[in-house]
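See below for the structure under consideration.
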Amino acid sequence: MKFLKYFLMVVLIMGNLFSQIDRTQKPKAGKTPDFKFPKIQSLSLSNGLQVKLVEYHQLPIVQMQFVFGAGCSHEPRDKSGAFNLMMRLLDAGTKTRTIFDIADEFEYLGTRFSASTSHDGSFISILTLKKHLEKSLELTADILQNSVFPDSEFNRVRNEVLTSLLQQKDRADVIANKVFSKIVYSENHPYGNPVDGTEASLNSIEVNDLRELYKKYFIPKNAVLIVVGDIKANELKKQLEKHLSGWKNGNQNIPDIPPVEMNFKPGIFLVDKPEAPQSQIRVGCIGVERNNPDYFALEVMNMILGGNFNSRINWNLREQKGYTYGARSSFTYRKQKGTFNAGGGFKSSVTDSCISELLNELRKMRESDVSEDELKFAKNSILLSFPRLFETPAQIAGQIANLIMYDLPENYFNLYVSKIKDVTVKDVRAVSVKYLIPEKMSVIVVGDYKSNKNALENLNLGKIQLLDPDGNPLN
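When we follow the numbering used here, the leftmost residue of the sequence shown carries the number 379, and every step to the right adds one.
Here it is as structure tokens:
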């Protein structure tokens, strides 16, 4: 009885406190936490492999990440998806181990092995207990040097990807993202090709294509190994030399990814989804490189525009108008120019209004200064979440990979907080004027064409161009 009495008192007190909160006001940001990036040690192996080490002794684990400078931007133009298949099949067998041998040995050790690719590079990640580091390294070295890409596994994995592509045709959000990239980059640039390829490109790929990519690009001079874990430099180098010194270099240098041409494609590009209750909308264009000096001002500007729940776009389209469960904007940064886009999933009946509101929000960013309160809230939102990017060895390794991939200095993260703090109202306005040009935006819509045709034409954004789900024009 006494417990119930106290419980009811607590409920009444908490209810009174919550009733005093003004939910029309944005919450105040907390204090920016102190941050210092851990020291990076540099090593070099006899075969030329460069190693970056961060000692992390809180747990008896070692996180390794190989970063290769070649990714799906380096595959043949008509074989998009080849790098993705290669990375998925890396551990499918070596000259002395089957796919089952490799899986069983990693499972016995409790070691996690994964491989992936992007437009800018490829990655192998290994997480192991320190006591199993040597055996995990021996297994990884075998994969790096002796993968054979068995025909049977190639056919199985390719069919899995083809099935996934078929399923994605029912995902309007996935279609919108892929079509957006294809439209803004066009087929003339590798960034316009999807990482997982298309049905046509996958069917043109043969297993020898993967073996050729592996032989050409998976060599020490094209890689950097990042290690974050419970190990000292001298011990690490000894083990790496033991297991990786036999990994020999080749002659292939990684070609540069071609520059992105600023060919803007204004207009409406529509993939028809008859009777769809929602329209997926993307409004955007070519953006900037990851190492662009405008990066920090762009991050602050985008946080105000559409980077979180309290941003202008979401406040307008969700909180005020009720058109969507959520709307955002974002910059995608790459070695060459990335993209900017704003959008989300919206009620089909207000597709035209949503496009108008998105474009209006871009104009407002260009035509008037943001408030000091907006600036402060945006900067604090970025800075308060910043330390969470470095909580685990895997996250630390991933951030070092970004330094390597995008040619950023090793002290970059120690300067990050001050760079964000230095962004001014004037800086936000300047990058808004420079990059948010509504007249140059491509508008992608995945939704019901019949019910929206007249309203979209009345926006006067140009002729509606109908596309298939792969972004190809329809007659």
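Positions of the beta carbon are idealized from the N, C-alpha and C atoms, including for glycine.
What you are looking at is a predicted structure, and each value in this text was computed from that prediction instead of being measured.
Going along the chain, which unbroken runs of the beta strand (DSSP E) with 3 or more residues stay wholly within the region 641–720? For the region 641–720, whole beta strand (DSSP E) runs of length 3 or above, ordered along the chain, are 645–650, 656–664 and 702–710.
Span of the beta strand (DSSP E), counted from its first residue to its last, around M819: Your numbering for residue 819 matches position 441 in the sequence shown. From DSSP, M819 is part of no beta strand (DSSP E); its letter is neither H nor E.
Since I believe Q658 is in contact with D551 (beta carbons under 8 Å), could you give me their beta-carbon distance rounded to a whole number of angstroms? Position 173 of the sequence shown, counting from 1, holds the residue named residue 551. Position 280 of the sequence shown, counting from 1, holds the residue named residue 658. Contact flag correct, Cβ pair sits at about 5 Å.
When the Cα atoms are used, what is the spatial distance from D469 to I480? By 1-based counting over the sequence shown, the position of residue 469 is 91. By 1-based counting over the sequence shown, the position of residue 480 is 102. In this structure, the CA atom of D469 is about 7 Å from the CA atom of I480.
What does DSSP give as the partner residue(s) for V348 in the beta ladder? Absent from the model: residue 348. The displayed extent of the chain is 379 to 853, so no value can be given.
Use the C-beta contact count for F461: other C-beta atoms within 10 angstroms, 16 or more gives buried, fewer gives exposed. As a working mapping, residue 461 is identified with position 83 in the sequence shown. It is buried - the Cβ of F461 has at least 16 other Cβ atoms within 10 Å.
Contacts around L597, its chain only, beta-carbon distance under 8 Å, and the 5 residues preceding and following it disregarded: Taking the sequence shown and counting its residues from 1, one reaches residue 597 at position 219. Here residue 597 is Ile; the residue named in the question, Leu, does not match the sequence. Short of 8 Å from the beta carbon of I597, and not among the five residues preceding or following it, lie these beta carbons of its own chain, in chain order: W625, K626, N627, G628 and Q630.
C-alpha gap between I798 and K757, whole angstroms: Position 420 of the sequence shown, counting from 1, holds the residue named residue 798. Position 379 of the sequence shown, counting from 1, holds the residue named residue 757. Taking the straight line from one Cα to the other gives about 6 Å.
Report yes if the C-beta distance between A705 and N692 is below 7 Å; otherwise report no. On the sequence shown, position 327 is the one that residue 705 refers to. On the sequence shown, position 314 is the one that residue 692 refers to. Their beta carbons are under 7 Å apart, which means A705 touches N692 by this criterion.
What are the start and end residues of each continuous beta strand (DSSP E) run of 3 or more residues lying completely inside the region 717–794, in chain order? Counting only runs of 3 or more, we get 717–725.
Would you please state the rounded distance, in angstroms, between the beta carbons of L855 and V440? I believe it to be under 8 Å. Residue 855 falls outside the range modelled here, since the chain spans only 379 to 853, and no answer is possible.
Classify R536: buried if its beta carbon has 16 or more other beta carbons within 10 angstroms, exposed otherwise. For this step, residue 536 is matched to residue 158 along the sequence shown. By the 10 Å Cβ count, R536 comes out buried.
Buried or exposed for D826, going by 16 or more other Cβ atoms inside 10 Å? Start at 1 with the first residue of the sequence shown, and residue 826 comes out as number 448. Flag for D826 reads buried.
One or two residues paired with T576 in a DSSP bridge: Residue 576 sits at position 198 when you count from the first residue of the sequence shown. Beta-bridge partners of T576 (DSSP): none assigned.
CA nearest to the CA of G471, picked from C732, Y595, V678 and R589: Here residue 471 corresponds to residue number 93 of the sequence shown, with the count starting at 1. Of the candidates C732, Y595, V678 and R589, the one whose C-alpha sits nearest the C-alpha of G471 is R589.
Hey, out of L544, E538 and F484, whose CA is closest to I521's CA? In the sequence shown, residue 521 corresponds to position 143, counting from 1. That would be F484, whose Cα lies nearest to the Cα of I521.
Between C732 and Y701, which are expected to be in contact by the criterion C-beta below 8 Å, what is the C-beta distance as a whole number of angstroms? Your numbering for residue 732 matches position 354 in the sequence shown. Your numbering for residue 701 matches position 323 in the sequence shown. Right, the Cβ-Cβ distance comes to about 6 Å (below 8 Å), so this counts as a contact.
Taking Cβ to Cβ, would you say V606 is nearer than 7 Å to V445? As a first step, residue 606 is located in the sequence shown; it is residue number 228 there, counting from the start. As a first step, residue 445 is located in the sequence shown; it is residue number 67 there, counting from the start. No, they are not a contact pair.
Among the candidates E817, A833, F791 and M819, whose CA atom is the shortest distance from the CA of D412? In the sequence shown, counting from the first residue as 1, residue 412 sits at position 34. Per the Cα distances, F791.
Residue from K615, E584 and E653 whose Cα sits closest to the Cα of N425: By one-based count along the sequence shown, residue 425 stands at place 47. Minimum Cα distance to N425 is reached at K615.
Among residues of its own chain, excluding the 5 on either side of I822, which ones have a beta-carbon nearer than 6 Å to its beta-carbon? Residue numbering aside, residue 822 sits at position 444 when the sequence shown is read from its first letter. A554, V557, F558, F647 and R660.
Drop a sphere of 10 angstroms on the beta-carbon of Q545, count the other beta-carbons inside from all chains shown, and report buried for 16 or more, exposed for fewer. As a position in the sequence shown, residue 545 is number 167, starting the count at 1. In this structure Q545 is exposed. Its beta-carbon is surrounded by fewer than 16 other beta-carbon atoms within 10 angstroms.
Just curious, the beta strand (DSSP E) that L468 is in, first and last residue? Taking the first residue of the sequence shown as position 1, residue 468 is located at position 90. From DSSP, L468 is part of no beta strand (DSSP E); its letter is neither H nor E.
By how many angstroms is the C-alpha of L622 removed from the C-alpha of S494? On the sequence shown, residue 494 is found 116 positions in, with the first residue counted as 1. On the sequence shown, residue 622 is found 244 positions in, with the first residue counted as 1. C-alpha separation (whole angstroms): 21 Å.
Rounded distance between the beta-carbons of K713 and Q656, thought under 8 Å: Position 278 of the sequence shown, counted from the start, is the residue given in the question as residue 656. Position 335 of the sequence shown, counted from the start, is the residue given in the question as residue 713. About 34 Å separates the two Cβ atoms, so there is no contact after all.
Is it the case that the Cβ atoms of I842 and L834 are separated by a distance below 7 Å? Along the sequence shown, read from residue 1 onward, the residue named residue 842 stands at position 464. Along the sequence shown, read from residue 1 onward, the residue named residue 834 stands at position 456. Less than 7 Å divides the Cβ of I842 from the Cβ of L834.
Out of F755, S451, G645 and D650, which one is the CA nearest neighbour of N836? Residue numbering aside, residue 836 sits at position 458 when the sequence shown is read from its first letter. The shortest Cα separation from N836 among F755, S451, G645 and D650 belongs to G645.
Taking only heavy atoms of the ligand FAD into account, decide whether any of them is closer than 6 Å to the Cβ of K725. Absence of the ligand FAD from the depicted structure is noted, as is the absence of any ligand whatsoever, leaving it without description.
What's the gap between the Cα of D730 and the Cα of E788? The residue given as residue 730 occupies position 352 in the sequence shown. The residue given as residue 788 occupies position 410 in the sequence shown. Their backbone Cα atoms lie some 46 Å apart in a straight line.
With distance defined between alpha-carbon atoms, name the residue in D608, A448 and L695 nearest to Y592. Along the sequence shown, read from residue 1 onward, the residue named residue 592 stands at position 214. If we check each option's Cα against that of Y592, A448 comes out closest.
So what's E565 in DSSP terms, helix, strand or just coil? As a working mapping, residue 565 is identified with position 187 in the sequence shown. Of the three classes helix, strand and coil, the one that applies to E565 here is coil, per DSSP.
Starting from T489, follow the alpha helix (DSSP H) in both directions and report where the run begins and ends. The residue labelled residue 489 in the question sits at position 111 within the sequence shown. Taken as a continuous stretch (DSSP letters only), T489 belongs to no alpha helix (DSSP H), as it is neither H nor E.
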